[in-house]
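Data block below; observations after.
Here it is as structure tokens:
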């Protein structure tokens, strides 16, 4: 499937929005990248993960405490993905390129692969959000139907009941299958993967091996196979579910759209920025805990419009974006509460289970 093209307008909404955002940073005299608040958060999350890993593997606690620590370890891993990896991969963690690269490489340490993620997320998902057949985030295989253009199967009638189990498997699927599928097919869904350099191949296999060493071989050696297996399953389920639900609440809810290109021109109806606003939703933006932990991904609208700006600025930018949308008569999706966003997602799945 060929990637569609967006409308190009001389006096575009996107151009005006960028002007207003640039004016904000100039007036405030601040950088668009992260600051000390982000770095302190990164230290808390990564430090917590290292301490918990060390305690679990080398100072094995009693079973109930070990399970609790595995749950927290999973939460910390997701938190590092949201706050450190995500900003780093978009080049917004720091002004320094090396720090951004190091932040992005944390994904490799945790088992996934940054090269594959950058293509899937930064290149494809951000450019073609919610376009079925292009945006790989919509491809949940036959298990889930996430938009109307996907085939309806009989078991989809129950997807709003079993979705949580599918999301819980994301980490295992991503780390042990999806990355390898992309590597060997040289594709992300229908889109070709950028040619990998020798260093990319070395990084792929080297970090995959090190992940197995630190998250399987060493723990099995220190605590035994069965305790490791139980702990790793608990850990992986938490990582998968937390990451899945945060990303799904931003795009697959009742409020968002799933546009289709107009044929035979293969052009989208809107310009790119308007497309992002129609296909993306914010949620729980007044909840400081959600904002802190999710790395500002609850301000997904601002992130999609300005992915190279650090998430620490999104609360301020959201006011500018909302006003611009009001001025231009463009929808701005903002679901007030986390529970309301979850309910909207479940309702979306339920609706797609029928027709």
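Numbering (UniProt numbering), first residue to last: 1 to 355. Cβ coordinates follow ideal geometry from the N, Cα and C atoms, glycine included.
Local conformation of residue i per DSSP, three classes
i: residue 182; result: helix
i: residue 93; result: coil
i: residue 118; result: helix
i: residue 214; result: helix
i: residue 207; result: helix
i: residue 6; result: coil
i: residue 100; result: helix
i: residue 108; result: helix
i: residue 262; result: strand
i: residue 287; result: coil
i: residue 298; result: coil
i: residue 282; result: strand
Residue from the options whose Cα sits closest to the Cα of residue i
i: residue 203; options: 223, 179 and 185; result: 179
i: residue 172; options: 64, 137 and 233; result: 233
i: residue 283; options: 295, 47 and 88; result: 295
i: residue 81; options: 311, 338, 328 and 219; result: 311
i: residue 313; options: 36, 60 and 170; result: 36
i: residue 65; options: 328, 287, 335 and 231; result: 231
i: residue 85; options: 68, 69 and 103; result: 103
i: residue 140; options: 200, 248 and 342; result: 248
i: residue 297; options: 251, 238 and 198; result: 251
i: residue 218; options: 10, 45, 26 and 57; result: 57
i: residue 288; options: 265, 142, 272 and 336; result: 336
i: residue 212; options: 263, 228 and 47; result: 228
i: residue 120; options: 22, 188 and 225; result: 188
i: residue 272; options: 304, 262 and 61; result: 304
i: residue 214; options: 20, 195, 22 and 54; result: 54
i: residue 293; options: 23, 46, 327 and 11; result: 46
i: residue 354; options: 152, 198 and 162; result: 152
Beta-carbon proximity list for residue i, same chain, < 7 Å, skipping 5 on both sides
i: residue 135; result: 124, 125, 128 and 129
i: residue 241; result: 164, 167 and 168
i: residue 302; result: 314, 317, 318 and 321
i: residue 155; result: none
i: residue 345; result: 248, 249, 252 and 253
i: residue 25; result: 32
i: residue 266; result: 2, 4 and 5
i: residue 118; result: 89
i: residue 350; result: 160
i: residue 244; result: 167 and 170
i: residue 39; result: none
i: residue 48; result: 76
i: residue 105; result: 114
Any C-beta of chain B under 8 Å from that of residue i
i: residue 274; result: Absence of chain B from the displayed structure is noted, only one protein chain being present.
Residues near residue i in its chain [Cβ-Cβ closer than 6 Å; skip 5 each side]
i: residue 235; result: 70, 73 and 74
i: residue 191; result: 124
i: residue 143; result: 166
i: residue 42; result: 84
i: residue 334; result: 282
i: residue 352; result: 145
i: residue 175; result: 111 and 112
Spatial neighbours of residue i in its chain, beta-carbon cut-off 8 Å, leaving aside the 5 residues before and after
i: residue 67; result: 230, 231 and 234
i: residue 122; result: 89, 90 and 307
i: residue 299; result: 282, 285, 291, 311, 314, 315, 317 and 318
Under 8 Å, with one C-beta from each stretch per pair, do the segment 107-117 and the segment 196-214 reach the 3-pair mark?
yes
Please give me, in chain order, every unbroken run of the alpha helix (DSSP H) with length at least 4 that falls completely inside the segment 218-253.
218-223 and 225-251
Alpha helix (DSSP H) runs wholly inside the segment 26-87, at least 4 long, in chain order:
36-58 and 63-80
Could you tell me whether the segment 261-279 touches the segment 317-337, using the rule of 3 or more Cβ pairs below 8 Å?
yes
For the segment 135-202, list the alpha helix (DSSP H) runs that are entirely contained and at least 4 residues long, ordered along the chain.
159-168, 170-173 and 179-185
Decide if the segment 30-48 is in contact with the segment 85-93; the criterion is three or more beta carbon pairs, one per stretch, under 8 Å apart.
yes
Whole alpha helix (DSSP H) runs in the segment 300-351 with 4 or more residues, listed along the chain?
300-305 and 314-328
Answer yes if the segment 141-156 comes into contact with the segment 255-266, meaning at least three C-beta pairs across the two stretches below 8 Å, and no otherwise.
yes
The segment 66-75 touching the segment 15-32, judged by at least three CB pairs closer than 8 Å
no
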